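Taken in order, the sequence shown gives residues 366 to 586; the numbers are from this note's numbering.
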Amino acid sequence: QSHRYWEGDAIAKRLLEEGAIGQLLICRDTLAGSGYRRHNPDKGWFTNLDLYGPGGLIAWGVHNTDRLLWWFDSDADWVFARSYGLRSEVPKDITTNMLMISFRSGGSAHLIYSEALPTPGWKGHSCGAKLVGTEGLMDVDPYNQVKIAREGSTDWEIVYDHSQVSDPRQKAFSDEVRDFISCIVDNKTPPVTGQDGRAAVEICLAAYESSRIGAAIRLPM
């Protein structure tokens with residue numbers, strides 16, 4: 366759940382809570398790169414499914430399913446997905462997934478996950494999300510910029526620029542660890558609970574199962 370601590374994602378959440386684009390209805394989310402785990406002997410365990418598991422969606426894409434749950438502020442009620450062994454010669458190695466997620470709030474999200482895009486990949490879209498609200502739009506990339514188009518505006522407003530923040534990656538993980546330690550010391554409920562983590566993982570598991578049987582999976586499983 367570290368993406369709740371990336372400043373760009375957190376700014377998007379704050380704007381949603383303020384009603385800056387009205388009710389969130391639709392999100393197109395992407396976490397995709399061009400084969401970062403390919404042809405690297407130091408990362409051979411990635412292709413050992415006994416060590417790596419069913420695929421990177423549950424390892425890396427779970428960040429996106431968590432931030433979608435966070436942004437929509439709603440449980441998911443069903444998932445439909447397709448899984449692919451794109452650019453892998455390992456049997457049952459799932460490198461790429463496409464998900465359609467429905468939320469109880471009435472919203473929906475489309476997520477593309479891939480760790481094996483053909484080069485050069487999609488520049489500027491490695492972790493980007495397009496949000497559609499009833500009164501505006503947001504374009505969120507915590508590794509680049511966050512932009513908003515408010516109702517009635519014809520221009521995008523930049524509300525966050527990753528390049529202007531000193532060591533944003535270290536800040537995100539430091540803030541996450543600080544909050545976790547504070548909860549232990551002060552015996553407080555963590556801002557990201559075990560139930561939150563389970564819900565994000567469940568979407569990933571539902572995606573694998575949906576692809577396997579060729580049908581939507583109702584949640585909870």
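All residues carry an ideal CB built from backbone N, CA and C; glycine is no exception. Small disclaimer: the values here were computed from a predicted structure and weren't measured.
With H, G and I counted as helix, E and B as strand and the rest as coil, what does DSSP make of residue i?
i: Leu-380; result: helix
i: Cys-548; result: helix
i: Glu-541; result: helix
i: Glu-372; result: helix
i: Thr-430; result: helix
i: Lys-495; result: strand
i: Val-566; result: helix
i: Arg-577; result: helix
Using 10 angstroms around the beta-carbon of residue i, count the other beta-carbons present and answer buried if the total reaches 16, otherwise exposed.
i: Pro-507; result: buried
i: Met-503; result: buried
i: Ile-546; result: exposed
i: Leu-396; result: buried
i: Trp-410; result: exposed
i: Asn-468; result: Contrary to the premise, residue 468 reads as Phe rather than Asn in this sequence. When all chains shown are included, Phe-468 counts as buried.
i: Ala-377; result: buried
i: Gly-559; result: exposed
i: Ile-578; result: exposed
i: Thr-460; result: buried
i: Arg-432; result: buried
So if DSSP puts residue i in a beta bridge, which residue, or which two residues, is it bridged to?
i: Ile-466; result: Val-444 and Ala-474
i: Ser-439; result: None, per the DSSP bridge assignment.
i: Tyr-525; result: Val-511
Am I right that residue i and residue j are in contact with their C-beta atoms under 8 angstroms? What's the rounded C-beta distance?
i: Glu-372; j: Val-530; result: 6 angstroms
i: Ser-439; j: Gly-387; result: Actually they do not touch by this definition, with Cβ atoms about 15 angstroms apart.
i: Ile-582; j: Ala-571; result: 4 angstroms
Please say whether residue j and residue i have beta carbons closer to each other than 9 angstroms?
i: Leu-389; j: Val-497; result: yes
i: Asn-462; j: Gly-420; result: yes
i: Ile-466; j: Ala-494; result: no
i: Ser-470; j: Phe-437; result: yes
i: Leu-476; j: Asn-429; result: yes
i: Ala-422; j: Val-444; result: It is worth fixing the name first, because residue 422 is Leu in this sequence and not Ala. Not a contact, by the Cβ cut-off of 9 angstroms.
i: Tyr-417; j: Asp-544; result: no
i: Thr-561; j: Trp-425; result: The question names Thr, yet the displayed sequence has Asp at residue 561. No, these two residues do not count as a Cβ contact at 9 angstroms.
i: Asp-357; j: Ala-481; result: Coverage of the chain is limited to positions 366 through 586, which leaves residue 357 absent and any answer about it impossible.
i: Ala-446; j: Ser-367; result: no
Using a C-beta cutoff of 9 angstroms, does residue i count as contacting chain B?
i: Phe-468; result: Although the question refers to chain B, the structure presented lacks it and comprises just one protein chain.
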